[in-house]
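Colleague: First residue of the sequence shown: 6, per this note's numbering; consecutive thereafter.
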Amino acid sequence: MRVLNGLEELQAAVGEHLGYSDWIEIDQTRIDQFAEATGDHQWIHVDQEKAKAGPFGSTIAHGYLTLSLIPMLVWQIYTVEGTKMGVNYGANKVRFPSPVPVGSRVRAGVELVSVTPGGGGQQVVARVTIEREGGDKPACVAETVSVVVF
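(1) Looking at VAL85 and LEU23, is the spacing between their C-beta atoms short of 7 Å?
(2) Does the stretch 57-69 come close enough to the stretch 126-137 that 3 or more CB-CB pairs lie under 8 Å?
(3) Between the stretch 42-55 and the stretch 115-124, do at least 3 Cβ pairs fall closer than 8 Å?
(4) Would you mind reading off the limits of the alpha helix (DSSP H) that contains LYS142?
(5) Rounding to the nearest angstrom, what Cα-Cα distance links ASN97 and ASP52 in this structure?
(6) Going residue by residue through the stretch 10-60, where are the continuous alpha helix (DSSP H) segments of at least 4 residues, counting only ones entirely within it?
(7) Classify LEU78 as helix, strand or coil using the three-state DSSP reduction.
(8) Inspect the beta-carbon positions of VAL107 and ALA144 and report whether they are closer than 7 Å.
(9) Who are the near neighbours of THR149 in its chain, counting only those whose CB is closer than 6 Å to its CB and skipping five residues on each side?
(10) Among the residues of its own chain, which have a CB less than 8 Å from the CB of ASP141, if the five just before and after it don't count?
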């Protein structure tokens, strides 16, 4: 866990890769729970028998499930001390270059892109890359925007 103390250290870290999260396994229970929460019951996610004969050979995680793991994974990578609060502000770009088959393990890496005044605090833009263990392409690449208030 990288600890950045205050705005100056946060700004000084722009352009740096801040590290990696732990690996987590994407099991069918997590996929099914995401399907229930979002109402996205497409067969490639939830029908294990049909998915075996499908294009991926098994069920796969929803792209938005992979995206939704970003807060949990990023909190393992770095924190900024001395803040009053931080909120998600959005994303500039999100892509899903490769699927996440059930049983895969994924982790995130973070590169700090920019820190600029805005949104009532400091807008922090980070490039988060979620990789699948053994995969040749990332599962998700997202440029996230947060607002941090000191």
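Even glycine gets a Cβ: it sits at the ideal position worked out from N, Cα and C.
Modeller: Looking at the coordinates:
(1) no
(2) no
(3) no
(4) First-last for LYS142: undefined, no H or E at that position.
(5) 32 Å
(6) 11-17, 33-43, 48-51, 53-57
(7) helix
(8) no
(9) ALA96, ALA131, VAL133
(10) SER103
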